[in-house]
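Every number in this note's numbering is 1133 more than the matching position in the sequence shown, counting from 1. Using N, Cα and C, we set each Cβ at its ideal position, and we do this for glycine too. Below is one structure, written out as structure tokens; the observations come after it.
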Amino acid sequence: MGEHDTAYKFLFSHRALMRDLLLGFMEGDWVRELDLDSLEKVSDGYATGDLLSRHNDALWRVRWKREWIYLYLMLEFQSTVERFMPVRILTYIGLLYQDLIRREELSQDRRLPPVLPIVLYNGKGRWRAPVALDNLIQPPPHAVLPYLPRLQFLLLDEGALLHEGALPGQRNLVAAIFRLEQSQAPEDLSRAFSHLLEWLKGPEQSELRQAILEWLHRRGPSLAPEISWREVRNLQEANTMLEERIQEWKAQFRREGLTKGREEGREIGLEEGREEGRKEGRKEGREEGSTAEARNILRRQLARRFGTVPEHIDVKLNGASREQLEDWIDRPYEVEELEDVFR
1134 MGEHDTAYKF LFSHRALMRD LLLGFMEGDW VRELDLDSLE KVSDGYATGD
1184 LLSRHNDALW RVRWKREWIY LYLMLEFQST VERFMPVRIL TYIGLLYQDL
1234 IRREELSQDR RLPPVLPIVL YNGKGRWRAP VALDNLIQPP PHAVLPYLPR
1284 LQFLLLDEGA LLHEGALPGQ RNLVAAIFRL EQSQAPEDLS RAFSHLLEWL
1334 KGPEQSELRQ AILEWLHRRG PSLAPEISWR EVRNLQEANT MLEERIQEWK
1384 AQFRREGLTK GREEGREIGL EEGREEGRKE GRKEGREEGS TAEARNILRR
1434 QLARRFGTVP EHIDVKLNGA SREQLEDWID RPYEVEELED VFR
């Protein structure tokens, strides 16, 4: 398991995150019937060796009415979708049930507890694979259908939730972590940080703050490589560094745009040789500087969102007016495909 995976699992070893996961992402009235104060992380010594080989998973249980419900949280960090995830989950749940039977951790009428499998997926592409086991099995004779195993997992595709505006808007730690995870620009990181700083002020939350910081030490370089994440000592310092970087970034584009604008202005002014020409040159120079700044900002956003900007897109940017660039500039975070930015 990579360092990032370890830090991410550490985040979800905190009750506050599991509580917000249930309250913010589970549908139905049953969540209100849970005794969230009973949330309990199942210790590593609880499950069999085979189950524990899934080191990047987290296993919790919570009281529903008078019985336990198990929450099997699978943390997936692969860049490609796992088509046969339902099969893997079926295996792990079977191992868990074997362990519960062996330990006689059953209900009063000797039944097994329900298990809710949850897959957290943070890949760049959307999850297109089946979430139900029966979609992976070829159609059987009708008489055989009742005897086939059935299983479906709850998929939380972080990128899809963010782009569809489906993340909880209220105060929710998991939603803030997802926004950090899926952020495409320093402004996104800074906004998510501001929420976390506001919510995690209490001294009793020091361990959770440290867990988020450890995650950022590992994940931060891929989110904002301009920041020296290993040198960050706390979340407030991280937020300050981000805000400073944002101001430096904006100032850099402003300087580049104004420099180019002044050069254009001087050239036009010299060619005209008159005061009117100089005024017109300065005006056009300012306009060109503003256009260059908008073009550079949009190019940076496209690169962060979609990777290397293709040559035909660069041609489109160079030929666009300032009004067109400003119209496109907010679109990279509203669409899933690069070409859709310009439609």
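Asked, Found
"Rounded to a whole number of angstroms, what is the C-alpha to C-alpha distance between Q1241 and L1229?", "19 Å"
"Alpha carbon to alpha carbon, how far is P1247 from V1195? Give it in angstroms, no decimals.", "11 Å"
"At which residues does the beta strand (DSSP E) containing Y1254 begin and terminate?", "1248-1254"
"Cβ of G1292 within 9 Å of Cβ of R1259?", "yes"
"Buried or exposed, going by whether 16 or more other CB atoms sit within 10 Å of the CB of E1444?", "exposed"
"So, are the CB atoms of V1365 and L1346 less than 9 Å apart?", "yes"
"If you draw a straight line from the alpha carbon of E1297 to that of D1290, how long is it in whole angstroms?", "11 Å"
"I need the DSSP call for R1194, collapsed to helix, strand or coil.", "strand"
"Could you give the residue range of the beta strand (DSSP E) that holds E1173?", "1167-1174"
"Is W1348 helix, strand or coil by DSSP?", "helix"
"Measure the C-alpha to C-alpha separation of G1256 and V1214 and round it to an integer number of angstroms.", "8 Å"
"DSSP on Q1285, reduced to helix/strand/coil?", "strand"
"Take the Cβ of K1198 as the centre, count every other Cβ of all protein chains shown within 10 Å, and call the residue buried at 16 or more, exposed below.", "exposed"
"For D1162, collect the residues of the same chain with a Cβ closer than 8 Å to its Cβ; drop the 5 residues on either side in sequence, then sort them by chain order.", "none"
"In this structure, what does DSSP give as the bridge partners for D1463?", "None, per the DSSP bridge assignment."
"Scan the segment 1308-1339 and note each continuous alpha helix (DSSP H) run of 4 residues or more that stays entirely inside, going in chain order.", "1319-1332"
"Quick one, which of L1368, E1469, Y1203, R1243 has its alpha-carbon nearest K1334's?", "L1368"
"Is DSSP giving E1200 helix, strand or coil here?", "strand"
"For L1144, which residues in the same chain have their Cβ closer than 7 Å to its Cβ, ignoring the five residues on either side in sequence?", "L1150, I1310, A1344, I1345, W1348"
"For E1238, which residues from the same chain have a beta carbon less than 6 Å from its beta carbon, with the 5 sequence-adjacent residues on both sides left out?", "none"
"Rounded to whole angstroms, what's the CA-CA distance from L1329 to G1157? Just pull it up for me.", "16 Å"
"Give me whichever residues DSSP pairs with Y1205 in a beta bridge.", "L1192, P1250"
"For the alpha helix (DSSP H) containing P1219, list its first residue and its last residue.", "1218-1236"
"Taking 9 Å as the threshold (beta carbon to beta carbon), is G1256 in contact with chain B?", "Here chain B cannot be found, since the structure has a single protein chain."
"Please name the residue, chosen from W1461, R1437, H1275, that lies closest to P1358 on a Cα-to-Cα basis.", "R1437"
"Where do the ends of the alpha helix (DSSP H) carrying I1130 lie?", "Lying outside 1134 to 1476, the shown extent of the chain, residue 1130 is not represented and no answer is given."
"Using the rule of at least 16 other Cβ atoms within 10 Å of the residue's Cβ for burial, across every protein chain shown, is L1322 buried or exposed?", "buried"
"For A1265, write down the residues that DSSP places opposite it in a beta bridge.", "Q1285"
"Out of curiosity, what's the CA-to-CA distance linking A1276 and A1265?", "20 Å"
"Quick one: Cα of Y1141 to Cα of Y1205, how far?", "15 Å"
"Keeping to the same chain, check which residues put their C-beta closer than 8 Å to that of L1284; ignore five residues upstream and five downstream.", "P1219, I1222, L1223, I1226, P1250, A1265, L1266"
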